[in-house]
Amino acid sequence: MGVKISNELKVGLTIIGATVIFILGVRYFEDLPLFATTYELKAEFEDAGGLIPGNLVRVSGVSVGSVNSVVISQETGKVEIGFHVDRNIIVTEGSYAIVTGIDALGAVRLDLFLGSPSAPQIPEGGLVDPGKGSDLLGDLSASAPEMFDKVSGVLDGLDSVLAEAGTMLSQPESDLRRTMSSMESAVAELDALLASERGRVDSIMSNVESVTGSLDSAMGKDGEKVSQVMNHLGTTLTTLDAELARLSSVSDNLNVLLQKLNEGQGTLGLLINDPTMYHKMDSTLDSINSLLADFESDPAKYLGEMKLVDLF
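Residue numbers for the sequence shown follow my numbering, so the first one is 45 and each next one is one higher.
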C-alpha cells in the first residue's frame with residue numbers, strides 16, 4: 045500500500061520549489077553565479093551616467109557581478125552605487141570603478157579596475173574609489189562647434205574654387221584653355237600619324253610575305269632558316285600594329301576627356317589649386333610634341349627591325 049501524501053505537504057513542497065526557482069532566477073538575471081557566493085561593495089560618483097540596478101559589473105571585459113542600488117547619499121550629495129561581485133574576485137585597495145557606456149543606447153555598465161594583488165583586500169561593504177570615465181556624447185557635443193566651423197570653412201573654400209574654375213573656363217586666354225588647346229592639337233597630330241603609319245605597316249607586312257615566299261624557293265635548304273627570320277619579323281610587325289591600335293584607343297579616350305573638360309564636367313579643384321600639376325602636364329605635352337617631331341623626321345629610329353627588309 046503506497047504512502048499517501050497530504051495536501052499540506054504538497055503545498056509546502058510547491059512553495060519551497062517555487063522559492064528556490066525564484067532565488068535562482070533572480071541570481072541568473074542579475075548575472076550572479078547560481079550557487080557561488082558574492083560580496084557587496086560601494087562606490088560614489090558625481091554623476092551616475094544612467095547606471096541603474098541590474099547593470100553589469102565587469103573586470104577586463106568579463107562580467108563578474110551586477111549593480112544592486114543607485115541612490116543619492118544624503119550625507120555627501122553624491123551618487124552612491126552598491127554592487128556585488130563574485131567572491132573569488134579579489135578587489136584590493138587601489139582598485140577603482142568607472143561608469144562607461146552610452147545611456148541613450150541602454151548600454152551602461154560599471155567597469156572595475158583591480159589594484160595590485162599584493163595590496164590589502166577591500167572588506168565587505170567597503171568603498172571603491174571612483175575613476176574618471178569618458179563621456180562619449182559629452183565629448184562629441186564639446187567638439188561639435190569646432191567641427192562645424194571646419195566644415196563651413198571647407199565649403200567656403202570649395203565655393204571659391206568652383207567660382208575660380210568657372211572664371212578660368214570662361215576666359216579663352218586662360219592657361220587652362222591654352223593647355224586644352226595644346227592637348228587637342230597633339231591628339232590630332234597623333235591621330236594623323238597613326239593613320240599614315242598603319243598603311244605603311246600593312247604594306248611592309250605584304251612585302252615580307254612576298255619576300256619570304258621567294259626566299260623559300262630560291263634558297264633551298266637554307267630557305268627554312270630565312271623563313272624563320274621572316275616569320276619572327278612578321279610577329280614583330282604584328283605586335284607593332286597592335287601597339288598602334290592601342291595608341292589609337294588612347295587617342296579616342298583623350299578626345300572624350302577633352303570633351304568633358306570643355307563641357308565643365310568633373311572636379312577641377314585639384315588641377316586649379318595645384319600649380320605643380322599644370323606644369324607637369326605642360327612638360328608632358330612638350331615631351332609628346334618633341335617625340336612626334338623626332339618620329340616624323342626619323343621613323344627608322346623607332347622601326348629598327350625594318351632594316352632587314354631593305355636587303356631585299
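Even glycine gets a Cβ: it sits at the ideal position worked out from N, Cα and C. None of the values given here were measured: they were computed from a predicted structure.
Between residue i and residue j, is the Cβ-Cβ spacing less than 7 Å?
i: V114; j: A87; result: no
i: F127; j: V108; result: no
i: V55; j: G94; result: no
i: L281; j: R242; result: no
i: T120; j: A163; result: no
Grouping DSSP H, G and I as helix and E and B as strand, with all else coil, what is residue i?
i: L336; result: helix
i: Q118; result: coil
i: V143; result: strand
i: G126; result: strand
i: G61; result: helix
i: A236; result: helix
i: A289; result: helix
i: A230; result: helix
i: L95; result: coil
i: G105; result: coil
i: S247; result: helix
i: S327; result: helix
i: R242; result: helix
i: D342; result: coil
i: R131; result: coil
i: G313; result: With a pLDDT of 45 at G313, under the threshold of 50, the modelled position of this residue cannot be trusted, and the question is left open.
i: S50; result: coil
i: S295; result: helix
i: S225; result: helix
i: L352; result: Low confidence applies here, because L352 scores a pLDDT of 44, under 50, leaving its location unreliable; read the following figure in that light. Looking at L352 - three-state DSSP - the assignment turns out to be helix.
Measuring from the CB of residue i, is there a heavy atom of the ligand ZN at a distance below 6 Å?
i: V103; result: With respect to small molecules bound, the structure shown includes none, and the ligand ZN cannot be examined in it.
Identify, in the order they occur along the chain, each residue of the same chain with its Cβ nearer than 8 Å to the Cβ of residue i, setting aside the five sequence neighbours on each side.
i: S139; result: L156, F157, L158, G159, I166, V172 and D173
i: N51; result: none
i: S295; result: V231, L234, D235 and L238
Near residue i, which residues of its chain fall below 6 Å by C-beta distance, leaving aside the five closest residues on each side in sequence?
i: D134; result: Reading off the sequence shown, one finds Ile at residue 134, where the question assumed Asp. So the qualifying residues of the chain are Q165.
i: V103; result: L156
i: E233; result: L336
i: G169; result: E84
i: G145; result: A151, V152 and R153
i: E340; result: none
i: S117; result: E124
i: M249; result: L281
i: S331; result: none
The beta strand (DSSP E) that contains residue i, what's its start and end?
i: N88; result: The question names Asn, but residue 88 in the sequence shown is Glu. Per DSSP, E88 belongs to the beta strand (DSSP E) from T82 to F89.
i: D155; result: R153 to F157
i: L171; result: L171 to P174
Looking at the strands, I want to know which residues DSSP matches up with residue i.
i: Q165; result: T136
i: L100; result: S110
Starting from the C-beta of residue i, find all residues in its chain whose C-beta is less than 7 Å away, skip the five residues before and the five after it, and write them out in chain order.
i: P97; result: V111, N112, S113 and V114
i: S226; result: L329
i: K122; result: E88, F89 and E90
i: N333; result: A230
i: A62; result: none
i: L57; result: none
i: N299; result: V231
i: N275; result: none
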